[in-house]
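Worksheet: one structure, shown below.
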Amino acid sequence: MVLQIGVLALQGDFREHINTLNSFQDVEAREVRTEGDLQGLDGLVIPGGESTAISKLATMFGIDTAIRNSIRAGMPVLGTCAGMIMLADDILDPKSGQTSFGGLDISVRRNAFGRQVDSFECDIQEHGFSSERLHATFIRAPWVEKVGDKVQVLATIPTDSDQKRAVAVQQGNVIATSFHPEISGEMQVHSYFLNVIRQARST
Ligand code: GLN
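So my numbering is basically just the index in the sequence shown, starting at one, shifted up by 10.
As structure tokens, this is what we get:
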């Protein structure tokens with residue numbers, strides 16, 4: 011059965027997500043901009059980019075409430091980087107007026123690893139997506155500072171102060187990563203997300 015996956019295409023690197031998703035044989039990925047575009051989707055991806063812009067545009071395009079309600083109703087969602095911020099119930103340092111869709115009982119800190127010059131890539135050896143090592147690209151990335159009881163941490167990395175920070179989390183059908191799997195040919199996060207969708211469909 012073909013899975014119909016939408017990618018929120020208001021701002022950010024939605025094309026990279028569409029290309030990654032379309033490289034799976036049983037997936038048809040398409041751009042989502044309006045409430046009507048959400049019809050018939052098996053899952054939604056919120057891309058990386060700039061969460062303040064995505065938040066503003068989602069309100070302008072009148073799709074914010076529909077996304078919020080769909081997530082609450084159980085639609086599987088994957089958010090990467092800015093997408094993680096959009097899925098957090100709590101943004102620790104929002105720009106004035108910035109809102110999120112919510113769905114994940116986490117507190118995120120925007121730009122937590124530093125500014126654009128502090129972008130970096132690394133391989134994560136142990137994580138919950140698979141048994142292979144995971145290539146992660148961090149660009150002005152957020153980290154997760156607090157997780158609720160129902161949230162599972164899928165990956166952590168050590169920070170400068172040697173404290174470990176959560177960079178991938180899951181709460182039921184909602185998954186988020188601080189990093190961008192979509193720009194480096196890393197398929198494991200998307201593959202895991204598609205399995206969550208298949209499982210949700212079969213129950
Ligand atoms: N710093 C950005 C924000 O706050 C996220 C960066 C990204 O998605 N690469 O939205």
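Using N, Cα and C, we set each Cβ at its ideal position, and we do this for glycine too. Nothing here was measured: the structure is a model prediction, and the numbers come from that model.
| Check | Outcome |
| --- | --- |
| Simplified DSSP state of Lys160, which is helix, strand or coil | coil |
| DSSP three-state assignment for Asp47, whether helix, strand or coil | helix |
| Proximity to Phe148 [Cα-Cα], best of Val177, Leu88, Lys156 and Leu97 | Val177 |
| For Ser117, three-class secondary structure by DSSP | strand |
| The ligand GLN heavy atom lying under 8 Å from the CB of Ala178 | no |
| First and last residue of the uninterrupted beta strand (DSSP E) at Gly124 | Premise fails: Gly124 is in no beta strand (DSSP E) and is neither H nor E. |
| First and last residue of the uninterrupted alpha helix (DSSP H) at His27 | Phe24 to Asn32 |
| Helix, strand or coil at Phe203 [DSSP, three-state] | helix |
| Cross-strand partners of Gly16 (DSSP beta bridge) | Arg40 and Leu54 |
| Thr252 versus Phe34, Glu38, Arg208 and Val17, residue with shortest Cα-Cα distance | A query on residue 252 cannot be resolved here, the shown segment of the chain reaching from 11 to 213 and no further. |
| Contact test: Cys91 Cβ vs the ligand GLN heavy atom, cutoff 8 Å | yes |
| Euclidean distance between Cα positions of Ser129 and Ile207 | 31 Å |
| Contact test: Thr69 Cβ vs the ligand GLN heavy atom, cutoff 8 Å | no |
| Straight-line gap, Phe111 to Gln180 (C-alpha atoms, nearest Å) | 15 Å |
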